[in-house]
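Visitor: One structure, pasted below without further comment.
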Amino acid sequence: MIHIARLFVLACIAIAPTVSAQEHHIGDIVVTTPWARATPGHAKIGGAYLTLTTHGATPDMLVAAASPVARTIEFHGHTMVKGVMRMRRVDGVNVEPGEAVTLRPGGLHLMLMGLRAPLAKGQTFPLTLTFKTAGTVTVEVAVHGVGAQMPEHGGRPKAHDMKNRHAK
158 MIHIARLFVL ACIAIAPTVS AQEHHIGDIV VTTPWARATP GHAKIGGAYL
208 TLTTHGATPD MLVAAASPVA RTIEFHGHTM VKGVMRMRRV DGVNVEPGEA
258 VTLRPGGLHL MLMGLRAPLA KGQTFPLTLT FKTAGTVTVE VAVHGVGAQM
308 PEHGGRPKAH DMKNRHAK
């Protein structure tokens, strides 16, 4: 029985860096599950996704993002215009107290423009996020396959889509 308990403790220690690497704190903001999809060889744009939550009493706003993998990063969302889904640039991402905002494919996301090289499955890259109040934090983005869906993040609050008030 003691042998099994030791194995369990070792297993927990081994996965701890993986779990903690998915959650980043800056002030009252928590950034979880930063990820991107791999891009085809000649693509000059890509997308990055993550979940933002504030545990403070006041809202905050993600106002800028930067990474060495792209020339520039913009916030983009989707809106329906005469029955056609259109992508549009937004100025920032509002994060209301106690709520989670999930940036995801087909919704609000970070548009990586002017990629310096293709994003490859298994790669990671740094992404620096700047919030109006909380300040700046750098997270490590994991690149998944070309058609990847959102990674699971158990126990997180339900996220909003582009029909909410979080895009400005």
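Sequential numbering of the sequence shown, starting at 158, is according to the numbering used here.
We put the CB at the ideal spot given by N, CA and C, even for glycine.
Can you tell me which of Gly263, Gly249, Phe282, Val250 puts its alpha carbon nearest to the alpha carbon of methionine 237?
Guide: Gly263
Visitor: Under 6 Å: does the beta carbon of glycine 234 sit that close to some heavy atom of the ligand SAM?
Guide: In the structure on display, the ligand SAM does not appear, and there are no ligands present to speak of.
Visitor: Between the Cα of valine 298 and those of Gly279, Trp192, Met242, Leu267, spot the shortest distance and give me the residue it belongs to.
Guide: Trp192
Visitor: Could you give the DSSP three-state label for histidine 266: helix, strand or coil?
Guide: strand
Visitor: I'd like to check one pair, leucine 219 with arginine 286: are the Cβ atoms closer than 7 Å?
Guide: It is leucine, not arginine, that sits at residue 286 in the sequence shown. Contact flag set, yes.
Visitor: On the DSSP bridge assignment, give the partners of alanine 195 in chain order.
Guide: According to DSSP, which records beta bridges pairwise, alanine 195 is partnered with nothing at all.
Visitor: Specify, as a first and last residue, the run of the beta strand (DSSP E) that proline 283 falls within.
Guide: Residues 281-288.
Visitor: How many Å lie between alanine 305 and threonine 210 at the Cα?
Guide: 23 Å
Visitor: For glycine 203 and glycine 279, what's the separation of their Cα atoms in angstroms?
Guide: 15 Å
Visitor: To which residues of the same chain is arginine 243 closer than 8 Å at the C-beta, ignoring the five residues directly before and after it?
Guide: His235, Thr236, Met237
Visitor: Whole beta strand (DSSP E) runs in the segment 214-276 with 3 or more residues, listed along the chain?
Guide: 217-223, 227-238, 241-247, 250-252, 257-260, 266-272
Visitor: Using DSSP with H/G/I as helix, E/B as strand and the rest coil, what is glycine 203?
Guide: strand
Visitor: Going by the CB atoms, is the gap between arginine 194 and valine 303 shorter than 7 Å?
Guide: yes
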